[in-house]
Amino acid sequence: MNIQYQTKNTCARLIDINIEGDIVTRVYFSGGCSGNAQGVSALVKNRPIAEVIELLGGIDCGGKGTSCPDQLAQALQQKVA
Numbered sequence: 000m001n002i003q004y005q006t007k008n009t010c011a012r013l014i015d016i017n018i019e020g021d022i023v024t025r026v027y028f029s030g031g032c033s034g035n036a037q038g039v040s041a042l043v044k045n046r047p048i049a050e051v052i053e054l055l056g057g058i059d060c061g062g063k064g065t066s067c068p069d070q071l072a073q074a075l076q077q078k079v080a
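Residue numbers for the sequence shown follow numbering that gives the first Met the number 0, so the first one is 0 and each next one is one higher.
1. Look up N35 in the DSSP assignment and say whether it is helix, strand or coil.
2. Identify, in the order they occur along the chain, each residue of the same chain with its Cβ nearer than 7 Å to the Cβ of Q64, setting aside the five sequence neighbours on each side.
3. Could you work out which residue in R25, L75, L54, C60 is closest to C32 when comparing CA atoms only?
4. Please state the DSSP three-state secondary structure of D15.
5. If I measure Cβ to Cβ from Q3 and keep anything under 7 Å in the same chain, skipping five residues before and after, which residues do I get?
And the structure:
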């Protein structure tokens, strides 16, 4: 399954997520800090959706109330709901 999520209040504009069953298999951020986006993508690869949501949900960037990792968690939360 592929999810494309339009981000809110982050430098990244879009997150493209591949999921197989309940496992995140690939994440690609369009825009934002390339190094951080690649790092987050590598760290969540092949992890369960619930684990990614728990690890990344609520992370704030610069007082924006969200971040690229938090937006990934929100995208996955919408998939689970």
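Think of the CB as a built atom: it goes at the ideal place given N, C-alpha and C, for glycine as much as any other residue.
Bear in mind that the values here come from a model prediction, so they are computed numbers and not experimental data.
For this structure:
1. Reduced to three states, the DSSP call for N35 is helix.
2. It should be noted that the sequence gives Gly, not Gln, for residue 64. If we look at G64 and ignore the five residues flanking it on each side, its Cβ neighbours are N8.
3. Checked all of R25, L75, L54, C60; the closest Cα to C32 is C60.
4. D15 falls in the strand class under three-state DSSP.
5. Around Q3: L13, D15.
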